[in-house]
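Visitor:
Numbering (my numbering), first residue to last: 894 to 1077.
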């Protein structure tokens, strides 16, 4: 007797990161790991909500996660790439996750190679899921269009999020954000 897909979907745990699935933290820009865990959680919730025997198409999941991502990035007042580009980035990240997951389940892969790939993947996913339009490391020499440049007040925050990730999106940004909106 086999278990139904609903029972399998009810599992709220990621085998690669060894963590429970979760939604985004609203006070920090999400990492690739956060995006993957959110994708898995959204897929699980949609599957349970509609009670279908088929897996939810990942394009549906990617669209929902992209909307959540855009909301968080809008809070930080940093210009982002288009919605379709965000969906492509999410899909690419998820495809990489699936390939790593397949490698872990493969019995013919050498254990050392498998462990190296997993460690490399976990290190890559700890970095910011960067959907900012401006990818410049040095914002003073940025050649992006004026409306797509990172605001001067947000440069330090974005640099922090791309690096050690200490800063947070707080209510301190609220008056500054309102001022930016008035000026634009």
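Glycine is no exception: its CB is placed at the ideal position from the N, C-alpha and C atoms.
Assuming residue 924 and residue 1022 make a contact with CB atoms under 8 Å, what is their CB distance in whole Å?
Guide: Residue mapping note: residue 924 aligns to position 31 of the chain shown, counting from 1. Residue mapping note: residue 1022 aligns to position 129 of the chain shown, counting from 1. Residue 924 to residue 1022, Cβ: 6 Å. Contact.
Visitor: Between which residues of its own chain and residue 990 is the CB-CB distance below 6 Å, once the five residues before and five after are set aside?
Guide: Translated into positions along the chain shown, residue 990 becomes position 97. If we look at residue 990 and ignore the five residues flanking it on each side, its Cβ neighbours are 929.
Visitor: If I'm right that residue 980 touches residue 959 with Cβ under 8 Å, what's the distance once you round it to whole angstroms?
Guide: Here residue 980 is taken as the residue at index 87 of the chain shown, counted from 1. Here residue 959 is taken as the residue at index 66 of the chain shown, counted from 1. Rounded, the Cβ-Cβ distance is 5 Å, consistent with contact.
Visitor: In angstroms with no decimal places, state the Cα-to-Cα distance between residue 947 and residue 937.
Guide: By 1-based counting over the chain shown, the position of residue 947 is 54. By 1-based counting over the chain shown, the position of residue 937 is 44. The alpha-carbon separation between residue 947 and residue 937 amounts to approximately 12 Å.
Visitor: Between residue 910 and the rest of its own chain, which residues show a CB-CB distance below 8 Å, the 5 nearest in sequence each way excluded?
Guide: As a working note, residue 910 is residue 17 in the chain shown. Once the five neighbours on either side are set aside, the close Cβ partners of residue 910 are 926, 929, 930, 1015 and 1018.
Visitor: What are the uninterrupted segments assigned as alpha helix (DSSP H) that are 4 or more residues long and contained completely in the stretch 944–1019, given in chain order?
Guide: 951–968, 976–998 and 1004–1018
Visitor: State the start and end residues of the unbroken alpha helix (DSSP H) segment that holds residue 1052.
Guide: By 1-based counting over the chain shown, the position of residue 1052 is 159. Residue 1052 -> alpha helix (DSSP H) spans 1045–1055.
Visitor: May I ask whether a heavy atom of the ligand MN can be found less than 7 Å away from the beta carbon of residue 947?
Guide: Absence of the ligand MN from the depicted structure is noted, as is the absence of any ligand whatsoever, leaving it without description.
Visitor: Report the option in 932, 920 and 1043 whose CA atom is closest to the CA atom of residue 905.
Guide: Within the chain shown, numbered from 1, the residue matching residue 905 stands at position 12. The shortest C-alpha separation from residue 905 is found at 932.
Visitor: Compute the Euclidean distance between the alpha carbons of residue 1025 and residue 1032, then round it to the nearest angstrom.
Guide: What you label residue 1025 is simply residue 132 of the chain shown in a count that begins at 1. What you label residue 1032 is simply residue 139 of the chain shown in a count that begins at 1. Spanning the two alpha carbons is a distance of roughly 12 Å.
Visitor: So is residue 897 buried or exposed if we call it buried at 16+ other beta carbons inside 10 Å?
Guide: As a position in the chain shown, residue 897 is number 4, starting the count at 1. Reliability of the predicted coordinates at residue 897 is poor, the pLDDT of 45 falling under 50, and the value obtained from them is presented with this limitation in mind. Counting the other CB atoms within 10 Å of its CB gives residue 897 a total below 16, which places it among the exposed residues.
Visitor: Can you check DSSP and say which residues form a bridge with residue 1025?
Guide: Counting from 1 along the chain shown, the entry for residue 1025 is found at position 132. According to DSSP, which records beta bridges pairwise, residue 1025 is partnered with 973.
Visitor: Could you check whether the stretch 967–974 touches the stretch 1049–1065, counting it as contact only if at least three pairs of C-beta atoms, one from each stretch, sit closer than 8 Å?
Guide: Between the stretch 967–974 and the stretch 1049–1065, the count of C-beta pairs closer than 8 Å reaches three or more; the two stretches touch.
Visitor: Determine whether the beta carbon atoms of residue 919 and residue 965 lie at a separation below 8 Å.
Guide: Your numbering for residue 919 matches position 26 in the chain shown. Your numbering for residue 965 matches position 72 in the chain shown. Result yes, Cβ atoms of residue 919 and residue 965 sit closer than 8 Å.
Visitor: For residue 1045 and residue 1029, I'd like the C-alpha separation in whole angstroms.
Guide: Taking the chain shown and counting its residues from 1, the one referred to as residue 1045 is at position 152. Taking the chain shown and counting its residues from 1, the one referred to as residue 1029 is at position 136. Cα to Cα, the separation comes out at about 13 Å.
Visitor: Got a sec? Which residues, its chain only, sit under 8 Å from residue 1059 by beta carbon, not counting five neighbours each side?
Guide: Working through the chain shown from its first residue, we reach residue 1059 at position 166. Only 1053 meet the Cβ criterion.
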